[in-house]
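Novice:
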Amino acid sequence: MSNCFLELINVHKSYRTKSEEIKVLKGIDFCLQRGEIVSIIGESGSGKSTLLHIMGAMDIPDEGKVLIDGSDIATLSLKDRASLRSNKIGFVFQFHYLLPEFTVMENLKIPQMIAGKSGDINYRCDEILNLIGLVDKRDRKPDELSGGQQQLLALGRAMVNKPDLLLMDEPTGNLDEKTSQKVMGKIFEILGKFEISAIVVTHDIKLAMNTEKIYKLFNGKIHLEN
Ligand SMILES: Nc1ncnc2c1ncn2[C@@H]1O[C@H](COP(=O)(O)OP(=O)(O)OP(=O)(O)O)[C@@H](O)[C@H]1O
Ligand SMILES: [Mg+2]
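Residue numbers for the sequence shown follow the numbering used here, so the first one is 1401 and each next one is one higher.
1) Do you know offhand how far residue 1472's Cα is from residue 1408's?
2) Taking C-beta to C-beta, are residue 1534 and residue 1553 nearer than 8 Å?
3) Quick check on residue 1552 - is its C-beta less than 8 Å from some C-beta in chain C?
4) Can you check whether the CB of residue 1428 is closer than 8 Å to the CB of residue 1411?
5) Restricting to Cα atoms, I'd like to know which of 1615, 1496 and 1468 is closest to residue 1484.
6) Measuring alpha carbon to alpha carbon, tell me which residue in 1611, 1426, 1546 and 1457 is nearest residue 1491.
7) Going by DSSP, what residue range makes up the beta strand (DSSP E) through residue 1621?
8) Looking at residue 1424 and ligand 1, is the gap between the Cβ and the nearest heavy atom below 7 Å?
9) Distance check for residue 1590 and residue 1493, CA to CA, integer angstroms please.
10) Using beta-carbon positions only, say whether residue 1627 and residue 1597 come within less than 8 Å of one another.
11) I need the straight-line Cα distance from residue 1404 to residue 1434, nearest angstrom please.
12) Shortest alpha-carbon distance to residue 1602 belongs to which of 1441, 1417, 1415 and 1425?
13) Measure how close the beta-carbons of residue 1521 and residue 1556 come, nearest whole angstrom, since I'm counting them as under 8 Å.
14) Once you ignore the five residues that flank residue 1579 on each side, which residues in its own chain have a CB closer than 6 Å to its CB?
15) For residue 1513, which of 1574, 1568, 1560 and 1476 has the nearest alpha-carbon?
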């Protein structure tokens, strides 16, 4: 048995368009231990988002294996894969994808309802609102929040089902440096408090330096940088 919470073995992924086949991932081997926090850097177009989607069971590789907490995701039904995703993994996307028609509070409630959580959903929302510092914004719509607040809400939404693993794709990509530091400070605080494993894709080397390991994606392969 390996000790990896997330393991990728020889993962390949290509995109086929009408005129060409783009080989993005060309044999990725990767292991993330429980509780580990790492970053992935790489040029624009190198395949970071593609890789993160595969790591989070939102997409499947053309070749190779992805094991999450010991389950080979290719062997799961669509329903079981969706359930694993909503119970074990939180995702903060490159663009926040909050639900614009719904309030802050509703944006936190809906993922819990999708995951079939019972118990006190409102209590859990309040807990998260306190953590991300948006208690007084609970009844606002996402477009009535600042960019930093939207990103904090996206983080809250990713955390609401108590994931084991948080995947973040450029979580501070659209923020100025000061706000970015504030948001990341909050993220690291929460990760530490709940012992959540995390992978953060970023162009920000300062942010990457705050993680335990830095991986670089280059030419379809992943290498440890530090
Ligand atoms: N659905 C798709 N169909 C065809 N090609 C795609 C698709 N999605 C991504 N690609 C291509 O795959 C490559 C990797 O894209 P990806 O979005 O993973 O890069 P990235 O490293 O996340 O870039 P960025 O830093 O700009 O976000 C790019 O060349 C991109 O054009
Ligand atoms: Mg990307």
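Note that the Cβ used here is the ideal one computed from N, Cα and C, for glycine as well.
Specialist: Taking the coordinates as given:
1) Counting from one through the sequence shown, the residue named residue 1472 turns up at place 72. Counting from one through the sequence shown, the residue named residue 1408 turns up at place 8. Between residue 1472 and residue 1408, the alpha-carbon positions lie close to 10 Å from each other.
2) One-based indexing of the sequence shown puts residue 1534 at position 134. One-based indexing of the sequence shown puts residue 1553 at position 153. Contact flag set, yes.
3) The displayed structure is made up of one protein chain only, and chain C is not part of it.
4) Stepping through the sequence shown from its first residue, residue 1411 is reached at position 11. Stepping through the sequence shown from its first residue, residue 1428 is reached at position 28. Yes, these two residues count as a Cβ contact at 8 Å.
5) Stepping through the sequence shown from its first residue, residue 1484 is reached at position 84. Looking at the Cα atoms, 1468 is the closest of the given residues.
6) By one-based count along the sequence shown, residue 1491 stands at place 91. Answer by Cα proximity: 1457.
7) Working through the sequence shown from its first residue, we reach residue 1621 at position 221. Note, residue 1621: beta strand (DSSP E), 1621-1624.
8) Start at 1 with the first residue of the sequence shown, and residue 1424 comes out as number 24. Result yes, Cβ under 7 Å from ligand 1.
9) Within the sequence shown, the letter at position 93 stands for residue 1493. Within the sequence shown, the letter at position 190 stands for residue 1590. Straight-line measurement puts the Cα of residue 1590 at about 18 Å from the Cα of residue 1493.
10) Missing from the structure shown is residue 1627; the chain here goes from 1401 to 1626 and no further.
11) The sequence position of residue 1404 within the sequence shown is 4, counting from 1. The sequence position of residue 1434 within the sequence shown is 34, counting from 1. If I take the Cα positions, the gap works out to 7 Å.
12) Position 202 of the sequence shown, counted from the first residue, corresponds to residue 1602. The option with the nearest alpha carbon to residue 1602 is 1441.
13) Taking the sequence shown and counting its residues from 1, the one referred to as residue 1521 is at position 121. Taking the sequence shown and counting its residues from 1, the one referred to as residue 1556 is at position 156. Residue 1521 to residue 1556, Cβ: 13 Å. No contact.
14) Stepping through the sequence shown from its first residue, residue 1579 is reached at position 179. Here the set comprises 1548.
15) Working through the sequence shown from its first residue, we reach residue 1513 at position 113. Comparing alpha carbon positions, the residue from 1574, 1568, 1560 and 1476 closest to residue 1513 is 1560.
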